[in-house]
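Protein chains in written order, with the numbering used here: chain A, 1 to 745; chain B, 1 to 185.
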Amino acid sequence: MYRPTHRTPAYQPQNRMAAYENTIPMSERSAQSFDYFASVPTVSSLAQRSRSLGHEARSRDYGSERPNLVVSGMKKFTKAYFTGPRGNLDLHANKIVEKLEEDKSLMEDTPVSEQLRKEALKNLPQGLTMKRCVKSKLTKSVSQKSKRKPIGFWKRLKYSINISFSKFVASLKNFNYFELWHGSLKDIEGRFGSGYASYFKFLRWLFVMNFGVALLSLGLLVVPQIILDTSASNKTTNTQSFNFRNIFIGDGFFIETVFYYGHYTNQFIEVIPHLSFDMPASYFSVTVILYVLSFVVLAVSVAESYRRTFIETEGGLQNVYANRIFCGWDYGIATKEAAQLKSSSIYYELKELLSEELKDVEDWSCLVKFWTYTIQVVVNILVLVILAAVGWMTWVLMKKSNEGEIAVYITALVINIIIMVFPSLFYYISKHEDYKNPRITLYITLGRTYLLGAVILGTILAFWLIHAEGKNCWETLLAAEVYRLIIFDFLFSVVLSVIVDVGYFIGRYFLNREPKTEFNIAKHTLQIIYNQGLLWVGFLYSPILPAVVTLKMFIIWYVNQGCVRKLCRPPKRTWRAAQTQTWFMMMIFVSILLIIATHGYALKSVRTSQTCGPFKHYNYTYEIVTTHIEDLEQDLAWRVIMNVTKPGGLAFIMIALGILVYYLREHALANRDKVKMLKETLVWLAKDKKFLVQMYNDVTKGEINPHLRDNRFVDPSRILPHEFTEDVSSSVDEDDFHARFKKYS
Amino acid sequence: MGQGKSQFSEEELQDYQDLTYFTKKEVLYAHQKFKFLAPEKVGHNKNAKLPMSKMLNYPELNVNPFGDRICKVFSSSRDGDCTFEDFLDMMSVFSENSPKSVKAEHAFRIFDFDGDDMLGMSDLKQVIERLIGKDNHLSEQEMEHLIENVLEEADLDDDRALSFAEFEHIINRSSDFMNAFRMRL
Chain A
1 MYRPTHRTPA YQPQNRMAAY ENTIPMSERS AQSFDYFASV PTVSSLAQRS RSLGHEARSR
61 DYGSERPNLV VSGMKKFTKA YFTGPRGNLD LHANKIVEKL EEDKSLMEDT PVSEQLRKEA
121 LKNLPQGLTM KRCVKSKLTK SVSQKSKRKP IGFWKRLKYS INISFSKFVA SLKNFNYFEL
181 WHGSLKDIEG RFGSGYASYF KFLRWLFVMN FGVALLSLGL LVVPQIILDT SASNKTTNTQ
241 SFNFRNIFIG DGFFIETVFY YGHYTNQFIE VIPHLSFDMP ASYFSVTVIL YVLSFVVLAV
301 SVAESYRRTF IETEGGLQNV YANRIFCGWD YGIATKEAAQ LKSSSIYYEL KELLSEELKD
361 VEDWSCLVKF WTYTIQVVVN ILVLVILAAV GWMTWVLMKK SNEGEIAVYI TALVINIIIM
421 VFPSLFYYIS KHEDYKNPRI TLYITLGRTY LLGAVILGTI LAFWLIHAEG KNCWETLLAA
481 EVYRLIIFDF LFSVVLSVIV DVGYFIGRYF LNREPKTEFN IAKHTLQIIY NQGLLWVGFL
541 YSPILPAVVT LKMFIIWYVN QGCVRKLCRP PKRTWRAAQT QTWFMMMIFV SILLIIATHG
601 YALKSVRTSQ TCGPFKHYNY TYEIVTTHIE DLEQDLAWRV IMNVTKPGGL AFIMIALGIL
661 VYYLREHALA NRDKVKMLKE TLVWLAKDKK FLVQMYNDVT KGEINPHLRD NRFVDPSRIL
721 PHEFTEDVSS SVDEDDFHAR FKKYS
Chain B
1 MGQGKSQFSE EELQDYQDLT YFTKKEVLYA HQKFKFLAPE KVGHNKNAKL PMSKMLNYPE
61 LNVNPFGDRI CKVFSSSRDG DCTFEDFLDM MSVFSENSPK SVKAEHAFRI FDFDGDDMLG
121 MSDLKQVIER LIGKDNHLSE QEMEHLIENV LEEADLDDDR ALSFAEFEHI INRSSDFMNA
181 FRMRL
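Now the structure itself:
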């Protein structure tokens with residue numbers, strides 16, 4: 001058994017320092033994702049460092065303004081002192097202060113430096129008591145020394161912006177005491193683990209976003225219209241009386257309310273004299289801006305989530321064992337039951353991994369391979385056919401749905417039944433496809449279910465855009481259609497599914513089986529994604545829709561939470577939340593991208609209704625923009641914009657973006673290769689070191705190996721491969737070796 | 001909250017806010033939780049030292065296989081007994097806002113049972129044993145195989161033990177770590 005020689009006491013202090021030296025590149029890595037690989041330490045550099053490390057080791061220049069450098073520097077320092085024998089608090093605090101004082105940028109009596117100090121202290125891996133002691137000492141010494149050193153204007157500006165921003169964030173955090181639904185989330189996380197919690201967090205995130213959109217659209221569109229409706233001069237009466245079933249189909253009475261596009265005025269609202277409100281302009285800009293805003297928010301979150309899970313971690317899937325062991329436990333778990341389940345789930349996963357490894361890679365015969373691939377191809381074609389059929393059916397139903405109220409019900413019912421039943425069907429199909437990995441099976445099912453929703457939404461949107469002309473106020477009809485689907489979706493996926501779940505629970509209970517089932521995260525997440533898609537399709541023509549959806553999500557939150565608590569048990573298998581969540585985010589991002597593109601087309605090329613809505617004076621909605629900017633035509637900025645948006649300009653921008661993306665992608669690939677190479681080098685260097693240590697050993701003992709006496713000393717390539725892996729320590733008395741080593745070094 | 005507030009001066013709260021990833025209100029909330037573990041003792045002295053057995057009554061620590069290790073790592077006297085400041089520090093490291101590097105640092109110390117600044121074979125073995133729970137057992141051979149695999153993935157310089165740098169390397173590559181190494185206050 002080879003025992004690493006450098007872990008023995010004589011080496012330890014140096015080695016420990018060296019190990020922490022390594023933490024610099026490691027911890028900086030997250031900050032600079034692109035050039036970090038260059039700084040992966042090699043063993044030789046490690047050895048070099050440990051040589052130069054004495055007490056002067058910390059003389060590295062921390063004058064740099066970057067706080068994380070300062071922090072990692074200090075981290076190393078304090079670790080070196082405090083993992084050793086525990087002395088008294090004051091003494092250690094003094095030492096830390098001494099070291100911190102060496103860094104000029106931390107010791108100035110300016111707010112910037114104070115902020116840096118705070119940051120540095122915060123990230124110090126020390127107990128809080130120690131930190132406070134250090135902090136008070138530092139403050140004292142700063143006020144004593146207090147000599148000002150000027151810093152550049154830009155730097156000062158940058159820092160002061162940073163500081164005021166972080167102060168602002170802190171005050172904001174103080175303001176909203178805890179995050180929304182903190183208690184329930186904690187409870188779910190504690191009892192069921194972070195997998196379920198990730199669904200609820202996703203739901204909460206969408207809820208908050210929709211809530212914001214709802215507030216803006218209510219405030220800027222609905223309320224002004226209501227004011228107009230109720231003001232004496234314009235009093236209008238609804239020609240249709242309210243009927244209970246209107247709530248479900250969203251027609252009749254609702255057609256002439258603020259629910260839909262058709263009701264909004266195309267005039268200026270001037271309730272208060274001399275203060276007019278341009279409804280068409282407001283309608284256009286508010287909806288467009290909200291779409292763009294949602295798009296930007298989503299794009300940022302997707303990019304962020306993608307970066308975290310795929311770029312920084314290189315896909316994160318290579319270190320399966322280490323990941324299971326070091327990141328396996330869910331620290332949020334707080335109940336015995338969940339903890340036991342977690343333990344056994346880790347146990348079974350490890351067992352599974354081991355057995356997979358031990359089992360020889362199944363050598364599928366050609367025939368079996370061919371058979372599986374054929375099945376997969378056939379099934380995929382089948383699924384595409386099914387999707388096409390669903391699209392066609394939706395189209396037919398939409399056509400028929402103008403023929404009376406019953407048809408309307410049937411359309412909504414059929415669509416919702418499809419959405420409810422087909423995912424299970426897809427799941428069933430995918431089980432028989434023999435994909436190698438359960439993860440692939442899951443992703444494929446998710447993808448198909450997503451496509452199903454997309455096909456249905458796409459068909460509806462396409463139907464209305466194509467049949468727009470000749471319909472009376474098609475915008476309102478489209479919005480009513482979407483509203484209906486949202487309500488029916490609520491009835492099916494919330495009310496009905498709860499009833500089914502409860503029935504199932506009771507049934508199993510009386511059959512004396514384990515009544516609790518697992519909560520299907522994927523299904524429920526896709527359901528809210530579909531829901532969100534509906535909202536985006538309809539929002540342009542129904543400003544009140546965000547409010548409806550927000551309310552719906554609010555109810556879904558409580559219903560699903562109740563379901564999870566009462567009817568579900570913790571999952572048996574680990575749900576890889578981070579990655580799946582990124583996929584969900586991407587799906588939702590693709591949805592909004594497609595929907596915005598379609599709406600863009602509608603605004604530009606589909607004729608508006610001439611009898612209703614804020615844009616009835618225009619042939620096409622976008623004309624509102626052109627009329628408003630005709631005044632601006634003389635403007636220089638305008639001319640610049642016009643030139644940039646010419647095909648040539650656009651093409652140039654596209655090409656530039658393309659090149660940029662290509663460059664970044666290549667960069668990432670190159671880095672990956674570099675990492676691979678460096679890893680190999682590391683292993684080889686380690687072997688070199690082993691070899692050299694043995695040499696050294698032999699030479700100091702004066703027992704030069706007769707085999708080595710020949711010129712292999714000079715020519716390492718002549719050493720046989722098996723000598724690399726030869727056990728070093730077995731042939732050497734370790735203590736003896738270290739005594740000698742000390743003497744020589 | 002009124003009760004809690006009276007126990008801290010504004011200055012102390014400011015200190016805590018500056019030195020942890022919490023806001024003042026969260027600090028007070030944390031103190032309530034701390035007080036809940038031993039109402040009498042903490043009522044008298046807000047920074048009382050609670051023995052590890054009391055600390056392990058905290059639900060998350062109670063069911064955590066590394067509960068005692070966590071207490072020891074965060075305890076300023078290194079024996080597992082924690083003052084409020086130690087507790088606050090613990091919660092701050094486990095909070096959502098603390099960065100990966102800080103979390104990794106502490107995770108390493110939690111897993112380093114023998115305190116030699118390396119995760120050796122024995123450390124890994126203990127980690128695995130604790131993870132799979134008392135009721136489940138891996139055979140000697142399976143355990144060896146498992147450790148072998150972990151080392152193969154993580155041990156870059158082939159010294160049969162993981163240094164902090166190697167450990168952090170793994171953590172940086174894991175998308176789940178930030179989710180897993182977290183307790184809600």
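Note that CB positions come from ideal geometry on N, CA and C, so glycine has one too.
For residue i, the first and last residue of its enclosing alpha helix (DSSP H)
i, result
"residue 179(B)", "177-180"
"residue 669(A)", "647-701"
"residue 184(B)", "That residue, residue 184(B), is in no alpha helix (DSSP H); it is neither H nor E in DSSP."
"residue 398(A)", "366-400"
"residue 32(B)", "24-37"
"residue 98(A)", "89-102"
"residue 254(A)", "Note, residue 254(A): premise wrong, no alpha helix (DSSP H); not H, not E."
"residue 167(B)", "164-172"
"residue 123(A)", "Element bounds for residue 123(A): n/a, residue is neither H nor E."
"residue 553(A)", "545-567"
"residue 464(A)", "438-466"
"residue 435(A)", "That residue, residue 435(A), is in no alpha helix (DSSP H); it is neither H nor E in DSSP."
"residue 141(B)", "140-154"
"residue 626(A)", "623-629"
"residue 403(A)", "Element bounds for residue 403(A): n/a, residue is neither H nor E."
"residue 280(A)", "279-306"
"residue 325(A)", "320-326"
"residue 330(A)", "Segment: none, residue 330(A) is in no alpha helix (DSSP H) and carries neither H nor E."
"residue 127(B)", "121-132"
"residue 19(B)", "10-19"
Beta-carbon proximity of residue i to residue j, cut-off 8 Å
i, j, result
"residue 451(A)", "residue 419(A)", "no"
"residue 682(A)", "residue 156(B)", "yes"
"residue 475(A)", "residue 460(A)", "no"
"residue 190(A)", "residue 332(A)", "yes"
"residue 170(B)", "residue 146(B)", "no"
"residue 159(A)", "residue 115(A)", "yes"
"residue 350(A)", "residue 70(B)", "no"
"residue 118(B)", "residue 163(B)", "yes"
"residue 185(A)", "residue 208(A)", "no"
"residue 338(A)", "residue 570(A)", "yes"
"residue 65(B)", "residue 109(B)", "no"
"residue 463(A)", "residue 448(A)", "no"
"residue 613(A)", "residue 261(A)", "yes"
"residue 183(B)", "residue 91(B)", "yes"
Closer than 7 Å: residue i CB and nearest the ligand COA heavy atom
i, result
"residue 180(A)", "No copy of the ligand COA appears in this structure; indeed no ligand is present at all."
In chain order, each beta strand (DSSP E) run of at least 3 residues that lies wholly inside the stretch 185-240 of chain A: none
Count Cβ pairs between the stretch 238-258 of chain A and the stretch 596-608 of chain A that sit closer than 8 Å; are there 3 or more? no
Give the residues from the stretch 680-697 of chain A that approach chain B closer than 9 Å (Cβ to any Cβ), ordered along the chain. 682, 683, 685, 686, 687, 689 and 690
According to a CB-to-CB cut-off of less than 8 Å, which residues of the stretch 317-328 of chain A neighbour chain B? 318, 319, 320, 321, 322, 323, 325, 326, 327 and 328
Pick out the complete alpha helix (DSSP H) segments inside the stretch 471-535 of chain A, 4 residues or longer, and give them in chain order. 474-490 and 497-510
Contact the stretch 173-181 of chain B vs the stretch 127-143 of chain B: 3+ CB pairs below 8 Å: no
May I ask you to list, following chain order, the residues of the stretch 109-127 of chain A that have a beta carbon less than 8 Å from some beta carbon of chain B? 118, 121, 122, 123, 125 and 127
Please list the segments of the beta strand (DSSP E) lying wholly inside the stretch 42-115 of chain B, counting only runs of 3 or more residues, in order along the chain. none
Quick check: the stretch 610-620 of chain A against the stretch 484-501 of chain A, are there 3 or more CB pairs under 8 Å? no
Check whether the stretch 288-304 of chain A and the stretch 500-512 of chain A are in contact - that is, three or more C-beta pairs closer than 8 Å. no
Mind the definition here: the stretch 47-59 of chain B touches the stretch 10-20 of chain B only if three or more C-beta pairs lie below 8 Å; say whether that holds. no
Pairing CB atoms from the stretch 192-202 of chain A with CB atoms from the stretch 281-299 of chain A, are three or more of them under 8 Å? no
Residues of the stretch 87-106 of chain A with a CB closer than 7 Å to any CB of chain B: list them in chain order, please. none
The stretch 148-162 of chain B: positions lying closer than 7 Å to chain A by Cβ: 149, 150, 153, 154, 156, 157, 158, 159, 160 and 161
Would the stretch 117-125 of chain A count as touching the stretch 97-109 of chain B if we require 3 or more Cβ pairs under 8 Å? yes
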